[in-house]
Structure formats: C-alpha cells, structure tokens
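Protein chains: 4
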Amino acid sequence: MAGLSLRRARMIIRKTLDHGKETGMKPLSVIVLDTGGHVQAFERSDGASPGRFQIAYGKAYGAVMLGMAGTAQMQRAEAQAYFIACANGAYQGALIPVPGGVLVRDAKGVLLGAVGVTGDSSDNDAAAAKAGIEAVGLTAEI
Amino acid sequence: MAGLSLRRARMIIRKTLDHGKETGMKPLSVIVLDTGGHVQAFERSDGASPGRFQIAYGKAYGAVMLGMAGTAQMQRAEAQAYFIACANGAYQGALIPVPGGVLVRDAKGVLLGAVGVTGDSSDNDAAAAKAGIEAVGLTAEI
Amino acid sequence: MAGLSLRRARMIIRKTLDHGKETGMKPLSVIVLDTGGHVQAFERSDGASPGRFQIAYGKAYGAVMLGMAGTAQMQRAEAQAYFIACANGAYQGALIPVPGGVLVRDAKGVLLGAVGVTGDSSDNDAAAAKAGIEAVGLTAEI
Amino acid sequence: MAGLSLRRARMIIRKTLDHGKETGMKPLSVIVLDTGGHVQAFERSDGASPGRFQIAYGKAYGAVMLGMAGTAQMQRAEAQAYFIACANGAYQGALIPVPGGVLVRDAKGVLLGAVGVTGDSSDNDAAAAKAGIEAVGLTAEI
C-alpha cells in the first residue's frame, strides 16, 4: 500500500496537536489513515471525550473511500442528504461528512492517505489538519 | 475506573425516581454510566414500557462519548442533522440526542459519568436527572 | 408484561450481592430481566470490570428467550455446540450459555423473569443468584 | 477518565516498538486503551499488514472488558470454547483472545488501561508489550 511512513504520520499528528494548542483549540484527537482507509496512527489528547476515535476515523475514512475531503462531503450532504445517508449505509455507518477529514497528497498530487481531526469546531479541526500536513511538506485538500 | 461508587449511583437513581413521582411524571427509567460509557446501574419503574433501557442508555452514552449533554446534542442535531445522524452510525446506532442525557461532575468539574432518564417529556426527564444528581451533592450538565 | 415489581427486583439484586460478599466472591454484577427479556434493573459492584453488563445480560437473556436456564444451555452447548452457536446468531450474538442465567418462578411455577450474575466462577454466580431469588421467597431454576 | 496520559501512552508504544526491532521481531502494531476500552493511541509499523488495528484493538479491548489479560482469555477459550465465542458475540465480535492483550497497572495494582500488540507470534507480542510497559515503570499482566 502506497502512503506515508509511520515516521511521517507521527510528525503530522504531532504538528496538528501543536497547532491546536498554540491557537487555543479544545483538546484534539488526530488519526492518519493509509490509502486503503486503514489506521496507521492515532492520538487522543488528554481531556478529550472517550469517543473521539470513531469521529476522527469517520472523517478520514469517508475522505479516502469517496476520494472526497470533508468540505466536499458536507456540501454533498447539504445538497443531497439521502446520497450521503445511503453512502453511510454502504460503508457500515462509519462516515462523518464534515470538515476535518483531509486528503494528503505529495507535490505531484499523488494521494498518500488522509488525516482526521476532531475536538474543536469542524472548521478549526480542518485548519489544524492542514497545518499538520503542510508542516511536513505535503499538500492538504480540506 | 474513575467515577461514582455503586452506592452513589444507586442514590442518584432513587432520588431521580422520587423526583418524578413527587412531581407527577410518568414512570421513569434511569441509568448511570461510568466515564467509559459502561453501565453501572439501571432501574425501570413499574408501568414503564419494556424498551426503556435502550433509550436511557442512548441518552447517557452519547453524553459520555461526545462529551456533550443531551441539550447540546439536540441543538447540534437541529443545526446539522446529518452530523448527528452520522455520529450515530459511528456509535452503532446507540445515540438518543435529546434532553435527558446528563453529565455528572464533582465540585471541581471533573467528569464522573452520565445519567440517562426517559419516560416523560425530554425536558422533564432532564429535570429529574438534575434533581437526582444534585440530591447527592454533585453537578448536573443537562 | 407479567413479572416482578421493581421493588422485588431490587431486593433480589441486593440479596445476591450480599451473598457474594458474605461468601468471599469477587465483585458481582447482577441483572433482572422481565418475561420479555427486557432490562428491569442492574447493578455492577465497585471493582468489577467494565464489560460486565453484557455478560450478565447475555446469561439472563438466553434463559428467557430459550426458556432454559444457564446450566441447561451449557449442557446443550457441550452436546451440540452448533445448535447454541446458531441460536446465538438468531439472537444477534447476545447469549452467554453458562451457569449464572437463572429463571425466576413463583410458588405455582409461573415464570416471573430471569436473573443474570457474573463476576466469580459460573457455578458461584449461579449460587449467588439462587440465594438472592430465594431470599425474596421465589424459586430459582439454575 | 482515569488512566495513562497521552505522553505515557506514547512512550509505551515507542518502547514496545523498540523492543520488537531490537529482538528481530516482525513489524509490530501497538494500541493503548483507557480503562473504558477506548482508543488513546495507536501506531502501525511500516511493513505491517493493513488490518492490524483491529487485531491490536481486539486483544486490548477484551482485556479491559473482561478484566482478563490475553493469556487468561486463551486458557478460558481452550477450556470452554463456546464461552469465549459467546462473549465475543456480546462484545460485537471484537475480541482477540490470545496473548498480546496486556493489562497495565501502577505500583499499587490500580488498573490504568491495556496495551494490545500484534505482528509476531502471540507470545512475542505479549513480551514486547511487557517490555514497553515496564520501560515506563508500570506493571504488565500478560
């Protein structure tokens, strides 16, 4: 499976959490999925509620499986709610179609995986993911 | 497991049921979950319908997993229905995002668990939970 | 649905927990189900592992649904493993077919519900349930 | 939520992975769960197969929910296969009842969570978890 090394996934998580702290966000949880939608690394900040894994996972999983980042998923959900509801059924209820599910690409546009962030507002979650991805020299599609 | 002792959980349930009776509510059912969302104690009043466990559980479970009491969950559901619908999928359909799922904190704000109440109107359910939690000297976030 | 009053269910739980403490058992968890297999009351002792609800429920639920207490379910599982495996599928994986799922009857043999106990050995779990049921003047079928 | 800080969870994962590398094990994946069985941190080594999250999770989740580490779960499965099969149903198929699911306790025996390791033989997985846990001054129950 193509994708990020664990070393780089770990750095994205660290930088995403740092961004959240530096900008005063609530405690974030961050996941990195590979290009098959499988979990590579995850960290939940102290103070976050216990169910954050499922939310972070759902944001990133939908981004990988549909090839569509969280912002685009949300637009689709608002335009055509039943499509996202049914896609969610097809993916066994895992989707969380809001900002914070972010695709990760290299300089040539090749997909390397997805990052999912949860804990603050959806827009802040997405901004933190973007900061983490760009801190390691990659491109974020939010 | 941090949280309430069984003794205290039992007192919250008793006081919640008493409040319901004294104020003329319909037969209530009351659950106490620990900080991991696991069942510590539950009682269903005589005369309540048989499926009350799942409703009480879903109210309290969502409060623990999302770190958000029932009132806040309902507001989110009204602002962005598909987010709560999808979070529900992520938690395998267990959520009941209306008032009556109440977070329990100590005097310092430390989370000790959640109480779920069902049987009367959602607002009355939440009021009964609040009365039960405050009767044992703790703080309710409805 | 015929069955036990909450008052009596509560007394069975209390007496079952007392029996466990007095005889030096590990921390017990006790559930009471009505004759439809629905939860009426549950308590988890301090110090029990968090997943005890599901085990107590599964023991009592199978007893109600099959009309067969835990000992009989275990005998069937040992004689014909695939039958219990498939019955478990039919009941969505909820069964725990070992002693500790105990049917509750009145003096005339009328079924009033089931008690499920977990925490110590299966045989001790069943003995505690029996003690709790008999303490309120009812008959236990272990 | 009682338990490990993210900082300590991260150190356990790092030390577990180091142990695996130093002793020539196959690429390991390591999860840390809190005392409610919820994911706190996870890392999958480069070269591990994509489905390792579920295996690591299942090992640690069963340890938390049953209060029983992987070795004890395996012994129970060998003595009474249908009990573990049915417990697995009760926990929605998540259990992986073999060594590598390890309980984490402090010096006083207080449970802080569980570590799940997968990638090499079950015994080596458990040994790596033990090394990681002891490297941060805590006690492993394998």
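Here the protein sequences come in this chain order: A, B, C and D.
One rule links them: number in our numbering = place in the first sequence (from 1) + 588.
One rule links them: number in our numbering = place in the second sequence (from 1) + 588.
One rule links them: number in our numbering = place in the third sequence (from 1) + 588.
One rule links them: number in our numbering = place in the fourth sequence (from 1) + 588.
Beta carbons are placed, not taken as given, at the ideal position from N, Cα and C, and that holds for glycine.
These figures come from a predicted structure and were not determined experimentally.
- Under the three-state reduction of DSSP output, Ala719 (chain C) falls in the helix class.
- Distance check between Val686 (chain D) and each of D:Ala695, D:Tyr670, D:Val698 and D:Thr706 places D:Thr706 closest, using alpha-carbon atoms only.
- Using a Cβ distance threshold of 8 Å, Gly625 (chain A) and Leu683 (chain A) do not count as a contacting pair.
- Check the Cα spacing between Ala648 (chain A) and each of A:Ala660, A:Thr611 and A:Leu691: the tightest is with A:Leu691.
- Per DSSP, Leu699 (chain B) is one residue of the beta strand (DSSP E) stretching across Leu699 to Thr706.
- Per DSSP, the beta-bridge partners of Ser617 (chain A) are A:Arg632 and A:Thr706.
- Between the alpha carbons of Cys674 (chain D) and Gln628 (chain B) lies a gap of roughly 22 Å.
- Residue environment for Glu610 (chain B): exposed (fewer than 16 other C-beta atoms within 10 angstroms of its C-beta).
- Three or more Cβ pairs drawn from the segment 713-730 of chain B and the segment 591-602 of chain B lie within less than 8 Å of each other, which places the two stretches in contact.
- Val686 (chain C) carries a coil assignment under DSSP once its states are collapsed to helix, strand and coil.
- Proximity to Gly591 (chain D) across D:Glu666, D:Asp606, D:Leu654 and D:Gly697 peaks at D:Gly697, based on C-alpha coordinates.
- Take Leu616 (chain B), set aside five residues on each side of it, and the residues of its chain with a beta-carbon closer than 8 Å to its own are Thr604, Leu605, Gly608, Ser633, Ala636, Val705, Thr706, Gly707, Asp708, Asp713 and Ala716, in chain order.
- Under the three-state reduction of DSSP, Val692 (chain C) is assigned to strand.
- Residues of chain D whose Cβ lies closer than 9 Å to the Cβ of Pro638 (chain C) are, in chain order, Thr623, Gly624, Gly625, Val652, Met653 and Gly655.
- The Cβ atoms of Val703 (chain D) and Ile619 (chain D) lie closer than 8 Å to each other.
- Under the 10 Å beta carbon count, Gln661 (chain D) is surrounded by 16 or more other beta carbons and is classified as buried.
- In this structure, the beta-carbon distance from Ala665 (chain A) to Ile672 (chain A) falls below 8 Å.
- Taking C-beta atoms as the reference points, Leu621 (chain B) and Gly681 (chain B) fail to come closer than 8 Å.
- Taken residue by residue, none of the segment 706-725 of chain D has a beta-carbon sitting less than 9 Å from a beta-carbon on chain A.
- The CB of Arg632 (chain D) comes closer than 9 Å to the CB of Leu594, Ala597, Asp622, His626, Val627, Gln628 and Ala629 in chain A, given here in chain order.
- Considering only A:Met653, A:Gly655 and A:Gly639, the residue with the shortest C-alpha distance to Val652 (chain B) is A:Gly639.
- Pairing Met656 (chain D) with Phe630 (chain C), the inter-Cα distance amounts to about 22 Å.
- Counting every other CB atom within 10 Å of its CB across the protein chains shown gives Ala695 (chain C) a total below 16, marking it as exposed.
- Excluding five sequence positions before and after Ser710 (chain C), the CB atoms of its chain that fall closer than 6 Å to its own CB belong to Val686, Pro687 and Gly688, given in chain order.
- Under the Cβ criterion of 8 Å, Tyr645 (chain B) is not counted among the residues facing chain A.
- In this structure, the CA atom of Gln668 (chain C) is about 22 Å from the CA atom of Gln663 (chain D).
- The distance from the Cβ of Gly612 (chain D) to that of Ile730 (chain D) is about 20 Å, inconsistent with a contact at the 8 Å cut-off.
- Counting along the chain, the unbroken beta strand (DSSP E) around Ala728 (chain D) starts and ends at Thr727 to Glu729.
- A straight line joining the alpha-carbon of Arg596 (chain B) with that of Tyr670 (chain C) spans about 43 Å.
- Chain-order list of chain B residues neighbouring Phe641 (chain C): His626 and Val627, by C-beta distance under 7 Å.
- For Leu683 (chain C), the nearest beta carbon of chain D is closer than 8 Å to its own beta carbon.
- Beta bridge pairing from DSSP links Val724 (chain D) with no other residue.
- DSSP places Tyr679 (chain D) outside any alpha helix (DSSP H), giving it a letter other than H or E.
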